[in-house]
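Notes follow once the structure below has been shown.
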Amino acid sequence: MGLFTLPTVALFILLKLSLTFVHGGIPTTLDGPFKPVTVPLDKSFRGNAVDLPETDPRVKRIVKGFEPEQISVSLSGTHDSVWISWITGEFQIGDNIEPLDPKTVSGVVVYGRYGFPMTNRSTGNNSLVYNQLYQFEGLKNYTSGIIHHVRLAGLIPNTLYQYQCGDPSIPAMSSVSYFKTMPVSGPKSYPSRVAVVGDLGLTYNTTSTVDHLLANGPDLLLLVGDVSYADLYLTNGTGSDCYSCSFPHTPIQETYQPRWDYWGRYMQPLVSKVPIMVLEGDHDIEQQAGNQTFVSYSSRFAFPSEESGSSSTLFYSFNAGGIHFIMLGAYTAYNKSADQYMWLEKDLANFDRNVTPWLVATWHPPWYSTYMAHYREAECMRVEMEDILYKYGVDIVFNGHFENNQQVHAYERSNRVYNYTLDPCGPVYITVGDGGNREKMAIAHADEPGNCPEPCTTPDKLMGGFCAFNFTSGPAAGKFCWDRQPEYSAYRESSFGHGILEVKNETHALWSWHRNQDFYRYAGDQIFIVRQPDSCPVTANVTQNN
Numbered sequence: 002m003g004l005f006t007l008p009t010v011a012l013f014i015l016l017k018l019s020l021t022f023v024h025g026g027i028p029t030t031l032d033g034p035f036k037p038v039t040v041p042l043d044k045s046f047r048g049n050a051v052d053l054p055e056t057d058p059r060v061k062r063i064v065k066g067f068e069p070e071q072i073s074v075s076l077s078g079t080h081d082s083v084w085i086s087w088i089t090g091e092f093q094i095g096d097n098i099e100p101l102d103p104k105t106v107s108g109v110v111v112y113g114r115y116g117f118p119m120t121n122r123s124t125g126n127n128s129l130v131y132n133q134l135y136q137f138e139g140l141k142n143y144t145s146g147i148i149h150h151v152r153l154a155g156l157i158p159n160t161l162y163q164y165q166c167g168d169p170s171i172p173a174m175s176s177v178s179y180f181k182t183m184p185v186s187g188p189k190s191y192p193s194r195v196a197v198v199g200d201l202g203l204t205y206n207t208t209s210t211v212d213h214l215l216a217n218g219p220d221l222l223l224l225v226g227d228v229s230y231a232d233l234y235l236t237n238g239t240g241s242d243c244y245s246c247s248f249p250h251t252p253i254q255e256t257y258q259p260r261w262d263y264w265g266r267y268m269q270p271l272v273s274k275v276p277i278m279v280l281e282g283d284h285d286i287e288q289q290a291g292n293q294t295f296v297s298y299s300s301r302f303a304f305p306s307e308e309s310g311s312s313s314t315l316f317y318s319f320n321a322g323g324i325h326f327i328m329l330g331a332y333t334a335y336n337k338s339a340d341q342y343m344w345l346e347k348d349l350a351n352f353d354r355n356v357t358p359w360l361v362a363t364w365h366p367p368w369y370s371t372y373m374a375h376y377r378e379a380e381c382m383r384v385e386m387e388d389i390l391y392k393y394g395v396d397i398v399f400n401g402h403f404e405n406n407q408q409v410h411a412y413e414r415s416n417r418v419y420n421y422t423l424d425p426c427g428p429v430y431i432t433v434g435d436g437g438n439r440e441k442m443a444i445a446h447a448d449e450p451g452n453c454p455e456p457c458t459t460p461d462k463l464m465g466g467f468c469a470f471n472f473t474s475g476p477a478a479g480k481f482c483w484d485r486q487p488e489y490s491a492y493r494e495s496s497f498g499h500g501i502l503e504v505k506n507e508t509h510a511l512w513s514w515h516r517n518q519d520f521y522r523y524a525g526d527q528i529f530i531v532r533q534p535d536s537c538p539v540t541a542n543v544t545q546n547n
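For the sequence shown, position 527 matches number 528 in our numbering, and the numbering has no gaps at all.
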């Protein structure tokens with residue numbers, strides 16, 4: 002073979018790859034903590050934060066009768082199962098609505114490995130219809146089409162499947178679509194790319210974000226809250242960038258539920274093939290008659306809540322290869338006596354670092370935001386939950402949410418931090434509240450002159466409590482805000498975009514943030530996040546190797 006034998010060549014290639022991703026010009030968290038960086042606002046880029054109209058072909062209903070639409074795939078608790086979801090029948094909105102009967106249309110999925118006959122068949126018993134009702138005169142009520150959730154089990158890991166969904170007895174079946182299962186959970190087994198986006202909405206910026214995201218070929222999509230922004234509309238379809246500014250006297254925050262259907266239609270080409278895992282945000286609350294909340298969010302998506310031991314769609318967990326994802330709810334009780342906290346304790350105590358070395362947590366409002374928008378508003382949640390997440394060694398945290406009455410969104414990545422202090426064993430916090438919704442971009446920082454909010458104005462009324470006090474130690478001791486970009490903030494920039502997480506092995510993961518205004522695949526921010534299990538021992542359930 003010449004100079005090198007085959008084993009020598011293989012060893013050389015592996016060594017080169019290892020050196021490339023550790024020393025190939027991309028920084029690693031081992032090089033940190035980094036000096037804080039603020040990228041100046043690119044005033045030439047504003048994007049197009051205007052919602053797609055209902056006349057746009059991408060959001061119009063193109064199926065007939067009870068043919069399936071708004072098809073999506075989501076993960077179940079383990080690699081060998083997924084959920085297929087879709088809607089049949091038309092929604093109704095108005096004064097006199099008559100909900101469809103879910104029993105009139107069956108939910109069936111026929112499927113098989115790609116290239117083989119679709120001889121497998123699963124039938125669901127999770128069909129439902131939801132209503133969005135208002136007790137106030139003049140507001141229009143809404144009832145959905147029939148929503149189906151069917152679980153496929155016994156799947157082969159890391160395998161491409163083809164499927165059709167619908168009711169074959171009508172007949173009303175979808176065209177053939179495809180999905181790929183997750184790799185089996187293990188320390189050397191990971192999805193190639195996990196896309197992360199928050200606050201997506203349905204604007205022309207959204208379409209740019211999705212186009213860029215597709216170019217990166219993700220195996221999984223993580224949406225960290227605020228889905229359709231239907232709550233920026235009145236029930237008659239009149240919308241605004243700022244609901245409270247334009248409609249200050251409405252007796253309840255209205256929603257225009259057809260925006261959810263438009264969103265599902267637009268997203269189908271992506272999420273019918275790439276599994277999507279969704280977490281609730283404040284714009285998904287959607288209060289209605291009877292004080293019900295999160296009805297649309299909880300009805301339209303399938304969640305592995307039961308499989309992960311959760312009693313709620315607002316918090317759950319799942320595995321994707323060697324990554325254990327914890328999805329936490331900021332708009333449900335999170336104190337130490339609440340169901341969510343007790344579930345979290347059990348989930349963390351049971352996951353195995355030998356099987357899933359990486360622990361990733363997600364919730365909507367950020368704890369470590371330096372933007373004026375939502376500054377320290379989730380402090381009560383941090384006070385209740387930060388210790389247990391640190392104790393079990395959460396590696397990465399993803400958040401969204403950057404918006405306020407000035408209608409703003411942005412991106413920020415932290416140094417490793419715990420309790421506002423640089424800590425080599427703390428998580429890296431990444432806020433991606435820049436998916437593309439109509440609320441535009443965050444610009445003002447709390448550490449800039451005149452921008453520090455009054456403490457009494459910071460608590461989120463939806464989350465309750467007041468826990469944000471002046472700092473007691475460090476460079477900002479005695480103050481409510483820093484007078485410069487905090488040392489825990491490594492990088493911040495006002496722009497729309499999405500992120501890609503590529504876990505390479507048990508200790509190295511590449512994070513890349515892609516701005517909409519850049520060329521496809523170009524990364525605006527990029528870093529290797531490195532785990533140090535020997536230097537940062539954590540509480541965890543670890544199997545013993547004999």
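Heads up, the beta-carbon is just placed ideally off N, CA and C, and yes, glycines get one too.
Helix, strand or coil for residue i, going by three-state DSSP, please let me know.
i, result
"T207", "helix"
"A374", "coil"
"E346", "helix"
"R439", "Low local confidence applies: a pLDDT of 49 at R439 is under 50, so the model's placement there is unreliable, with the coordinate-based value given in what follows. DSSP places R439 in coil when its eight states are reduced to three."
"L562", "This structure leaves residue 562 out entirely; the chain is present only between 2 and 547."
"K104", "helix"
"N121", "strand"
"V10", "Confidence is the limiting factor: at V10 the pLDDT is only 34, short of 50, which leaves the residue's position unreliable, though a coordinate-based value still follows. Three-state result, V10: helix."
"L1", "The first residue shown for the chain is 2 and the last is 547, placing residue 1 beyond what the model contains."
"L156", "coil"
"D232", "helix"
"D448", "coil"
"P367", "coil"
For residue i, report the span of its alpha helix (DSSP H) as first-last.
i, result
"I389", "380-392"
"D262", "259-272"
Name the two residues that bound the continuous beta strand (DSSP E) containing residue i.
i, result
"N217", "Premise fails: N217 is in no beta strand (DSSP E) and is neither H nor E."
"C537", "Here C537 belongs to no beta strand (DSSP E), and DSSP marks it neither H nor E."
"Y164", "161-168"
"Y244", "Per DSSP, Y244 belongs to no beta strand (DSSP E); it is in the alpha helix (DSSP H), 244-247."
"Q486", "Counting along the chain, Q486 falls outside any beta strand (DSSP E), and DSSP gives it neither H nor E."
"Q518", "It is not in any beta strand (DSSP E) - Q518 carries neither H nor E in the DSSP assignment."
"G95", "93-95"
"G113", "109-114"
"V83", "83-89"
"W359", "359-363"
Assuming the contact rule is C-beta atoms closer than 8 Å, residue i and residue j should be a hit. Round their C-beta distance to whole Å, please.
i, j, result
"M373", "P270", "At roughly 37 Å, the Cβ-Cβ gap does not stay under 8 Å, so M373 and P270 are not in contact."
"V199", "V225", "Here residue 199 is Gly; the residue named in the question, Val, does not match the sequence. With 8 Å as the limit, G199 and V225 qualify as a contact, their Cβ atoms being about 4 Å apart."
"T256", "D232", "5 Å"
"Q258", "I147", "Not really, about 15 Å apart at Cβ, beyond 8 Å."
"N142", "L134", "5 Å"
"A444", "S370", "It is worth fixing the name first, because residue 444 is Ile in this sequence and not Ala. About 13 Å; that fails the 8 Å criterion."
Which partner residues does residue i have in the DSSP bridge list?
i, result
"T432", "N400, E413"
"E494", "Y412"
"Y419", "T422"
"M174", "G167"
"V185", "DSSP output for V185 lists no bridge partner at all."
"Q628", "Absent from the model: residue 628. The displayed extent of the chain is 2 to 547, so no value can be given."
"Y179", "Q163"
"L502", "V195, W512"
"L201", "Per DSSP, none; premise fails for L201."
"L224", "V198, V279"
"S190", "G187"
"V38", "Y492"
"D52", "T204"
"G240", "Y234"
"E255", "Bridge partners of E255: none, in fact."
"E70", "I88"
So, is the C-beta of residue i closer than 7 Å to a C-beta in chain B?
i, result
"G116", "The structure shown contains no chain B; it holds only a single protein chain."
For this session: Entirely within the region 265-344 and at least 4 residues each: give me those alpha helix (DSSP H) ranges in chain order.
Result: Here the runs fully enclosed are 296-301.
For this session: Pick out the complete beta strand (DSSP E) segments inside the region 126-154, 3 residues or longer, and give them in chain order.
Result: Those beta strand (DSSP E) runs which fall completely within the region 126-154 and span 3+ residues are 142-144, 147-153.
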